[in-house]
Each structure stands twice: as structure tokens, then as C-alpha cells.
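First the structure, in the form of C-alpha cells, and then the observations on it.
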Amino acid sequence: MLHPLSAPDVPSASPDALAPVASAVGAAFADVFLVLDDWRDRVAAAVPGATTAELDALVESLVVPTLFGGAAPEGSPMLLVGAGFIAAAGYRPGRPAHFAWWLGPLASNPLLGTTLAPTRLDLAARVHTEYLRDFRGLEWYRVPEATGQAHVTGPYVDHLCTFDFIVTLTLPVLADGRMVGVIGADVSVTRLEQALLPVLLGLDAPAALVNSVGRVLISTEASLAAGDIVPDPRHPLAAYDRMPCAGIPFDVIARRPPK
Amino acid sequence: MEAQLRPGAREAIFAQLIEAGRAEQVARRLTDAIILGVLTSGERLPSEQELARRFGVALITVREGLVILRESGLVETRRGRGGGSFVIQADAPDETLLHTRLRGVAHVELSDLAVYFSTIVEGCAERAALRAAPNDADRLSEWLAQADWDRDAGARANAGGFYLELAVLSQSARLVREQVRLQAEFGPLLLLGLVDPSMRARVAACNADVVAAIRAGDGPLARTLVAGQVRDLAEWLHAAKTRIERGGTLHAASAVSA
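Just so you know, the sequences run in chain order D and Y.
For the first sequence, the positions run 1 to 259 when full-length UniProt numbering is used.
For the second sequence, the positions run 1 to 258 when full-length UniProt numbering is used.
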């Protein structure tokens, strides 16, 4: 059964009321981008002179402590489930494509099982070998290469390593003005919800966090599930108030009050 | 009454039984992958430690599983630097081993497997149609346009890959995980019909229709199309097993092998 579009007993948030949620979302991602900016600068500085082993050691020393909570402020959940540096073939003359990517602890992962220690993405595994062949066409690589800007991919279900509903953040790494790779991090939507749900619940009315195509990440509105697209085709007339989040192409939305 | 067994002894009894079954599961999983052409001749398997971690079993279980494979002549173990377990099966699926595999699984198991697989894939396809953004349909369409259906192994990889893409578009992590698990366990067997060129053509055409249904947001149509595809594959498998049980061959007389 469809939910009534204008139930009189359901309160609605005004656009202004959504602002604190939007700024909390922006702040959560700004923290992650600050970390990624730092990694990007260090890796970009190392790329011209470092051997592959030295690059790997650098990336590992940066990302592994963070995947285990090192960079998370006291008491806040750790958002990242994986992170690293991915470079296309020829990032240095004659070098093949390179993955220096680590995953944090995993629960019942179909490929990797349950792990407590950091896992490095295994390039020898067939599935990853096929993936490697054309990763330059994938959104998280293609868009930063085209725009020269940081990019947010998802939310989506990653079917290659985390097997989880995640958001991928990627930043271009430049050498001589040319993009040679990306610094990236996978953010777990589950952990993001744990961090942001209290703020969403602070609103008087149901609301949701959606990406630029309207894909729902977190929702306190019963009719909107994570993964749904808004506007929901079942509710063609539903209208939403919308407050953009600073620094990330997500909006906080709430159903508009009935006239 | 106080148990007279030493601490842990009761658990060990049960553990041993489970472990014994698991070694056979490890062997069967890898045997399917080899005789059905997912793992190819000369390929090195992951290390024993890596296999143990991936399968979620003890190292000894993996070793027992590899012993079964060696005795079947499917892998050989080389010592020293660059060593490991290597696939020694010829690239083409071996008819004798395939016959043994199909004889070893009952019709009732095959039909139950098809029902379960179909239910998962239908759910994925319907959700994908309801939840796909327009650019998702574009991406799936591009992916499918690049997929090669001319050869047996490629067609199997692409058919399996397409089911996985549908699970991804459903936006359900659980469906993606289940799809991966099911394909690891049964994919090679279920997709055996793709050795038949006419089956490959039907699956390729059907998948193009599924993409169109997803683009149109038509969940029921996407569901019906994938259900038909799984039924087609299951009927092929059923007919092939019946032929083999009667002493015939994997392929129908009219079909041309790849």
C-alpha cells in the first residue's frame, strides 16, 4: 500500500531546519577529505623518486593506522573500510598499473573471509586482474581524470573487495600536470549512519540523505530505504525540500509540508 | 551427570565430521572450477594458507582437499621457488569428468538449485529495474555491448558477470554476497549449457532485453526475462544429464560443440 502523500499528522522540516544536518554531513566528509589531501600531497611528492616498494611502504604507513581508527576523533566511529593509492600504467615511464590498497577488518567477506588484520588487495586474484584491465573507465578513476577534481562515487554496492554498500572518494594525484593515479578511500554507509543518525533524529520530521541522482544513503523516513532513488516513481507527486551539503554532492531532503 | 570426557573432546568429535565434509567441499569447488573451465590449464592456485583463509577452513582441510584433486589428476604440486599447486587439466572441459560430475548430482538437486538460483536472480532483476538510475542502465548497456559471447569460457564469465551486475544494481549488499557465493558453488554447473552456441545466442539476446526492461523501470518484465533464462539453462542441464544417464553424450545430436 502506498503511503499517503499528505498525512496531516506527519510533521515536516523546513529547509532551514535541515541546515544543521547538512553541515554535519559536510563536516564528516571534510574530515575525511583533510586526511586524503594530506595523503595525496605526500604520495604526489614521492611518486617521481620512490621505488615501487618505497611507495607501497609510504602508502601502507599512511592508510593502515587510519583504517584502525588512528585518525578518527575520540569517540567517533571510523568511517573508512578501505583506502590507498591506485596508479595507471605509465605513471612512471615503463611501470605497469599499480594498486597499493588496504582493507580494514572484514566480517564474513565472501572472498576474504573474516579478518582482523589489514588485508592488501591481492592483484593475483583473477577477479582483480580483470578489474585492473579497464579500471580507467570506472567512475572513481575516469571523473577525477576528466575534471582534475576530487570525486564522490556512490553510494553503491562494491562487488570487488568490500561487498558492502559504500561511498568511494577519489582525489587526483598529479605529476607534471598530468593525472597519474588517484588517492582513494571507501566510506561504509553503515558507519556513516552511526555517525549521523543522532543529527538526523534531532529534526522534528523524517528526512533523508541522498546523492546527486537522488540515491538514498540514510533515511529516517519509513517510505525511503537506503538504496532507493528519490523521487520514488511510486510517489510521483511527492515534493521534497532540499538542503545541499557543503563540499560533497549530497542533499538532505524532507517531504514538503502539505499545503 | 558429570561428563567423563576430557575438556574439548565432545567438540572435537563434531568438529572432525564437519572438517571431513569440508575437505570434500573444497575439492568439489575446485574440481568444478577446473573441469568446467573456470580455472585453466597451467594456472597456479592461491597458496594453501590463502585458500584456507578464503574458504574459512583449517589449513589441514585445504591440504586434504588438494590431495583429492591430485588423486583425480587435476592439479600437480611443485616444490621450491615458484612452486605451488598448478591446474593440469586440458583447457576444454573433459567429457569423462563432466559425465562423472553430472551423474553425481541428482535431478532433484539440479532442479532445486535452479529454483533457488532463479529466485535470487529474479529478485535482483526486479529490484534493479525499480532502483536503477538512468546512468546505471547506460553503464550496464555499455558493459553488455563489450561482452563476448562467441566462446564458451568467455560466455560463462559474462553470463555470471551479468547476474552479479544485476545484484549490484539491486543496491543490496546481501544479494551481491549471496550471488558471489552461489556462483562460486554452482555457477560452473548451472552455466554448463553455454557450451551450446545457440544457448549463448539466446542468453546474449535475453540479457539485452533485460537491460531494456531495467531502463524502462519495468521490474516484472525484468523478473520474467531472467526467470526464463535460468529455466532455459536448467532444462538444458536436465536434458544433458538424462542423455548421459542413458549412455549418450553431453551434447544433443543436433548441437555443435564450441
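Glycine included, C-beta positions come from ideal geometry on N, C-alpha and C.
Y:Q171 is classed as buried because its beta carbon has at least 16 other beta carbons within 10 Å across all chains shown.
In this structure, Y:L144 places its C-beta atom within 8 Å of the C-beta atom of Y:F162. Comparing alpha-carbon positions, the option among Y:L59, Y:L66, Y:K241 lying closest to Y:R29 turns out to be Y:L66. DSSP places Y:T119 inside the alpha helix (DSSP H), whose first and last residues are 107 to 131. Listed by position along chain Y, the residues whose Cβ is nearer than 7 Å to that of D:G104 form an empty set, because the closest Cβ is around 16 Å away. Secondary structure note for D:A107: its beta strand (DSSP E) is the uninterrupted segment 106 to 109. By the neighbour-count definition (other C-beta atoms within 10 Å, threshold 16), D:D134 is an exposed residue. The beta carbon of Y:T61 sits closer than 8 Å to the beta carbons of E19, R22, A23, V26, A52, F55 from its chain, once the five residues preceding and following it are set aside; these are given in chain order. Scanning the region 147 to 173 of chain Y from its first residue to its last, the whole alpha helix (DSSP H) runs of 4-plus residues come out as 152 to 169. Boundaries of the alpha helix (DSSP H) harbouring Y:E245: 219 to 245, taken from the DSSP string. Per DSSP, Y:A205 lies in no beta strand (DSSP E); the unbroken alpha helix (DSSP H) holding it starts and ends at 197 to 215. Look at D:D228: its C-beta is under 8 Å from a C-beta on chain Y.
Put simply, the backbone Cα of D:P110 is about 7 Å away from that of Y:V180. Note that the region 180 to 190 of chain D does not touch the region 100 to 113 of chain Y; fewer than 3 beta-carbon pairs, one per stretch, sit closer than 8 Å. Excluding the 5 residues flanking it on each side, D:V64 has same chain C-beta neighbours closer than 6 Å at W102, P118, in chain order. The criterion of a C-beta distance shorter than 8 Å is satisfied by D:A205 and D:A254. Runs of the alpha helix (DSSP H) lying entirely within the region 32 to 98 of chain D, each at least 4 residues long, are 52 to 67 in chain order. About 17 Å separates the CB atoms of D:V182 and D:Y156; that is not less than 8 Å, and the two are not in contact. Restricting attention to Y:S47, Y:H99, Y:V87, the CA atom closest to the CA of Y:G80 is found in Y:S47.
Distance from D:A100 to D:A88 at the Cβ level is roughly 13 Å; contact not present, criterion being Cβ atoms closer than 8 Å. For Y:V67, the enclosing alpha helix (DSSP H) has its first and last residue at 59 to 71.
Interface criterion not met: the Cβ of D:D186 is under 8 Å from no Cβ in chain Y.
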